[in-house]
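The sequence shown finishes on residue 265 if you use numbering that gives the first Met the number 0, and the numbering steps up by one all the way, no holes.
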Amino acid sequence: MSKKRRSASQRRTKIGVFDSGIGGLTVYKELRKKYPFCDFIYFADTAHVPYGDKSEKTIILYTKKIVSFLLRKKADLIVCACNTASAVALKSLSANCPVPIHGVIDAAVREAAVFSRVAVIGTKLTIKSGVYEKKLKKMNGKIKVKSLAAPLFVPLVEEGWAGTDVSGRVVKIYLAPVKLMCPEALILGCTHYPVLRKEISDYMGGDVRLVDSSSVVGAIALSVSMRRGRGKSSFYVSDDPGHFVRTAKKIMKVSAGRAKLCTEFL
Ligand code: DGL
């Protein structure tokens, strides 16, 4: 093999992951475990979090910029680790993208569609899009679905209030109508929500299957060229890297030591 060809095949595959904030780190962590040999580039749109209260048009605009950024950084595959963006922007993002882009919704739908009563919680925009309900019903014509927006969950997580009595009470208030339908599965349709998994499971009961966005990891089949050593991770944010680094560490147990600020997103 020529020197040039060898170096091309030894380049590490680079996976780009993005979200509005730290929520996508729940997916990043699982991807990192599955693909330790890959390089990762994580982008958090901290200047614009939360996405869930914004319009479809705005989210498309924000996320198109993020995808171009990840492509400039040479991502070989992109994971949109945000349900809100997956719900309203994935089609536009995939349209002219030269690399595969995975959203987080289809894999969660496949996992949940085997049940007959499923509840979905997500941001206002995800729930308004009706995407989970449509896809679940397409896969299983007999399924009963209840969807509910739980917008306070994102700031609770971002503030580091998971595991407190406040988060326990908010979970109870939001999920009371969901519990009434006795779901067999509950889709945590926002990548921030797994941080509240304990209080959600305590309230819903241990026999309710909690399906989250990390299901996408099982659905990604990637042929990785270099399988030695460990790839590196770089973190980029659109505002306040210090806050991102602190919350990533405290809440997600991810060390994002040198998160860089990209002012082009402001
Ligand atoms: N974590 C994101 C999601 O999965 C977005 C939350 C937000 O920014 O509102 O929907």
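A virtual CB, placed ideally from N, CA and C, is assigned to each residue, including glycine.
Fair warning: this is a prediction, and the values are worked out from it, not measured in the lab.
What does a CB cutoff of less than 7 angstroms around LYS171 pick up in its chain, not counting 5 residues either side in sequence? Walking along the sequence shown from the start, residue 171 turns up at place 172. For LYS171, same chain residues with a beta-carbon under 7 angstroms away, outside a window of 5 residues either side, are TYR202 in chain order.
Put ALA84 into one of helix, strand or coil per three-state DSSP. The residue labelled residue 84 in the question sits at position 85 within the sequence shown. ALA84: helix per DSSP, three-state reduction.
C-beta contact flag for THR83 and ILE58 at 8 angstroms: One-based indexing of the sequence shown puts residue 83 at position 84. One-based indexing of the sequence shown puts residue 58 at position 59. Yes, the pair counts as a contact, with Cβ atoms nearer than the cut-off.
Candidates GLU183, PHE17 and LYS145, of which the one nearest TYR50 by Cα: Counting from 1 along the sequence shown, the entry for residue 50 is found at position 51. TYR50 has its Cα closest to that of PHE17, out of GLU183, PHE17 and LYS145.
Which residues in the same chain as TYR27 place their Cβ atom closer than 6 angstroms to its Cβ, once the five residues preceding and following it in sequence are excluded? In the sequence shown, counting from the first residue as 1, residue 27 sits at position 28. Excluding residues within five positions, the ones whose Cβ falls inside 6 angstroms are VAL16 and TYR41.
Could you pull the DSSP bridge partners for VAL117 from this structure? One-based indexing of the sequence shown puts residue 117 at position 118. VAL117 is bridged by DSSP to VAL144 and ALA184.
With DSSP collapsed to three states, give me the class of HIS47. The residue labelled residue 47 in the question sits at position 48 within the sequence shown. Coil at HIS47, not helix or strand.
Do you know offhand how far ARG196's Cα is from ILE186's? Reading the sequence shown from its first residue, position 197 is the one you call residue 196. Reading the sequence shown from its first residue, position 187 is the one you call residue 186. Approximately 11 angstroms between the Cα atoms of the pair.
For LYS252, which three-state DSSP category applies? Looking up residue 252 in the sequence shown gives position 253. Correct three-state label for LYS252: coil.
Should VAL108 be counted as a contact of ligand 1 given a C-beta to heavy atom distance under 7 angstroms? For this step, residue 108 is matched to residue 109 along the sequence shown. Outside the cutoff, so no.
Sorted by chain position, which residues of the same chain lie with C-beta nearer than 6 angstroms to SER1's C-beta, five sequence neighbours on each side aside? For the purposes of this step, residue 1 is taken as the residue at position 2 of the sequence shown. In this predicted model, SER1 has a pLDDT of only 48, less than 50, meaning its place in the structure is not dependable enough to derive any value.
Extent of the continuous alpha helix (DSSP H) run through LYS13: Within the sequence shown, the letter at position 14 stands for residue 13. First-last for LYS13: 13-18, but that is the beta strand (DSSP E), not the alpha helix (DSSP H).
With H, G and I counted as helix, E and B as strand and the rest as coil, what does DSSP make of SER214? Looking up residue 214 in the sequence shown gives position 215. Helix at SER214.
Could you pull out every residue in the same chain whose Cβ sits closer than 7 angstroms to the Cβ of ARG5, ignoring the five residues on either side in sequence? Sequence index remark: in the sequence shown, residue 5 carries index 6 (1-based). Reliability fails at ARG5, whose pLDDT of 49 lies under 50, so the model's placement of it is uncertain and no value is given.
Consult DSSP for LEU260 and reduce its assignment to one of helix, strand or coil. Working through the sequence shown from its first residue, we reach residue 260 at position 261. In the structure shown, LEU260 sits in a strand (DSSP, three-state: E or B).
Secondary structure at LEU195, three-state DSSP: helix, strand or coil? Position 196 of the sequence shown, counting from 1, holds the residue named residue 195. Looking at LEU195 - three-state DSSP - the assignment turns out to be helix.
Can you give me the C-alpha to C-alpha distance between GLY162 and GLU198, rounded to a whole angstrom? Residue mapping note: residue 162 aligns to position 163 of the sequence shown, counting from 1. Residue mapping note: residue 198 aligns to position 199 of the sequence shown, counting from 1. Cα atoms of GLY162 and GLU198: separation of roughly 7 angstroms, rounded to the nearest angstrom.
For ARG317, I'd like the list of residues in its chain whose CB is within less than 7 angstroms of its CB, leaving aside the five on either flank, ordered along the chain. In the structure as shown, the chain begins at 0 and stops at 265. Residue 317 is therefore absent and cannot be evaluated.
Can you name the residues that DSSP bridges to CYS79? Along the sequence shown, one-based indexing puts residue 79 at 80. Its beta-bridge partners are PHE17.
Selection from PRO176, LYS13, LYS136 and TRP160 that minimises the alpha carbon distance to PHE36: The count along the sequence shown starts at 1 and reaches residue 36 at position 37. Residue LYS13 is the option with its Cα nearest to PHE36.
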